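Just add 5 to the spot in the sequence shown (first one is 1) and you have our numbering.
Just so you know, even glycine gets a beta-carbon here, dropped at the ideal spot from N, CA and C.
As the structure is a computational prediction, the values presented were derived from the model and not from experiment.
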Amino acid sequence: MIKLQGLSGEEVREISRQTADAFYDYKYNDEDLGLIKYISSREAMFIYISAIVQAAYKAGVLYTTSDRREGYLMLSGEGAGGKIGLIDGFKMIAAEKKALGGFGNMKRFINACFCDGGTIETRMRKEKRKFLRIEMLIVRKEYQGQGLMRQMMEYAYKTAESHRVPVILDTDDKDKAARYEHLGMKLDRVRNCGERFHMYDLIREIPQLFP
Numbered sequence: 006m007i008k009l010q011g012l013s014g015e016e017v018r019e020i021s022r023q024t025a026d027a028f029y030d031y032k033y034n035d036e037d038l039g040l041i042k043y044i045s046s047r048e049a050m051f052i053y054i055s056a057i058v059q060a061a062y063k064a065g066v067l068y069t070t071s072d073r074r075e076g077y078l079m080l081s082g083e084g085a086g087g088k089i090g091l092i093d094g095f096k097m098i099a100a101e102k103k104a105l106g107g108f109g110n111m112k113r114f115i116n117a118c119f120c121d122g123g124t125i126e127t128r129m130r131k132e133k134r135k136f137l138r139i140e141m142l143i144v145r146k147e148y149q150g151q152g153l154m155r156q157m158m159e160y161a162y163k164t165a166e167s168h169r170v171p172v173i174l175d176t177d178d179k180d181k182a183a184r185y186e187h188l189g190m191k192l193d194r195v196r197n198c199g200e201r202f203h204m205y206d207l208i209r210e211i212p213q214l215f216p
């Protein structure tokens, strides 16, 4: 894995576009609409994702698989190596509001994402547990099926193990959750967040050194 750094503004914008397209073009299962339920156009998705990618890049927590940039990984928490700055955090909120079409829609989206007892991150923080969180993981369409998702997951696992913390994530699609389970995560719970909108919370605990 390569930490992205020293990029031009145009390169960061292109990464944002590739990432936004991966999210927008994803085919959800019949039970979930996921992010598309709230962000229904390609340009709105770009606005939303672009602020996240730029903030992650500036914080030094955005990685890619190789010089070909087949996929992207964004981490947070223990071992991630950086934090989103305050100004970039505000930019993310402003972009989210714009992409969702106003404050009312943004409030409904946030309430849905944090529904049914809150995110796994919220619950971990309440228990005062440290963790490494996978904030974003995508493989560009033309490179899928080549084991790149496993490569990125293994990088996250090794990083977490070196800091003796679990890996957590949440996702908005049952099929995505199943793939994460196949790659070593455990489904912690499924949160019912509205009609055809579920959040799947997953965790990989610290491996035991001895049986």
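- Message: So, does the region 51-70 touch the region 11-30, judging by three or more C-beta pairs under 8 Å?
- Response: yes
- Starting from the N-terminal side, write out each stretch of the beta strand (DSSP E) that is 3 residues or longer and does not extend beyond the region 128-166. 137-144
- Item | Residues bridged to residue 175 (per DSSP) | DSSP, once it has assigned bridges, lists 206 as partnering residue 175.
- Minimum C-alpha distance to residue 100 - residue among 195, 50 and 147: Of 195, 50 and 147, the residue nearest in Cα terms is 50.
- Query: Would you report the Cα separation of residue 163 and residue 62, rounded to the nearest angstrom?
  - Reply: 21 Å
- Item | Through-space distance from residue 35 to residue 206, alpha-carbon basis | Roughly 19 Å between the two C-alpha positions.
- From the DSSP output, in three-state form, read off residue 17 for me. helix
- Whole-angstrom distance between residue 208 and residue 191, CA atom to CA atom: 5 Å
- Query: Is residue 94 helix, strand or coil when you go by DSSP?
  - Reply: helix
- Task: Label residue 14 either buried or exposed according to how many other C-beta atoms from any shown protein chain fall within 10 Å of its C-beta, with 16 as the threshold for buried.
- Result: exposed
- Message: In this structure, how does DSSP classify residue 9 when only helix, strand and coil are distinguished?
- Response: Look at residue 9 here: in three-state DSSP terms it is coil, with no helix or strand label.
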